[in-house]
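Going letter by letter, the sequence shown gives residues -25 to -1, 1 to 155 in mature numbering (1 follows the signal peptide of the UniProt record, and there is no 0).
All residues carry an ideal CB built from backbone N, CA and C; glycine is no exception.
Take a look at the structure set out below.
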Amino acid sequence: MTRALKAISAAGLLAALLSTLPARAEPAVELPTRKAGLWELSMLPAGETTPNMTMQHCTDESTDKQMSSSFSPMAKSACSKNETVKTATGYSTDAVCSVAGIQTTSHSEITGDFNAAYSVKITSHNESAPAGVPSDTAMTLQAKWLGACKADQKPGDIMMPGGFKMNIKDVEKLKGLLPR
């Protein structure tokens, strides 16, 4: 995978993750903290049974809380709308975000158990998608807890396909690399 493709994939992942962060408007609805350890995250395009991207995320309680609090100001700067509500089956999020110059409107339905497995069904529309990129997408993020993080991993580490590794805590550094 080329560096450009990795950056685009990371930007897409970032946009998807931003859209699932709870909004900080009153009254605040917060997603439960995930169980500490190693989570496998698989992205499945609508109608597919084989993931198009699978990654692993090492987390702990502090990192998970930081993702929904410290990263929220970043989400506010990237997202003009980010509303999360509790539903009968889990949570629902509606967001309008701009990452790498692409404005995306998304709707997410989150269900499952944040201790063992959960899924996020995401539909999105890109206002200014580059040529060759579909303007409407639907995908499901499936997450399952694998156990303790590996010895060489620290909370926040995301292991992407092909061995590419980044730490979600370094996301502020990535923002400076993305075109506006």
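By the beta-carbon neighbour count (other beta carbons within 10 angstroms, threshold 16), Leu121 is exposed. Between the C-alpha atoms of Ile85 and Lys119 there is a straight-line separation of about 13 Å.
Three or more Cβ pairs drawn from the segment 81 to 96 and the segment 64 to 71 lie within less than 8 Å of each other, which places the two stretches in contact.
CA-CA distance, Asp39 to Ala91, rounds to 15 Å.
Taking C-beta atoms as the reference points, Leu116 and Ile133 fail to come closer than 8 Å. For Ser99, the secondary structure class from DSSP, reduced to helix, strand or coil, is strand. Our two residues, Lys140 and His32, have alpha carbons roughly 10 Å apart in a direct line. Around the beta-carbon of Thr59, 16 or more other beta-carbon atoms lie within 10 Å, marking it buried. Annotated as proximal: Met18 and Met114, with beta-carbon spacing under 8 Å. For Cys72, the enclosing beta strand (DSSP E) begins and ends at 65 to 74. Looking from the CA of Pro26, the closest CA among Lys144, Ile143, Glu36, Met135 belongs to Met135.
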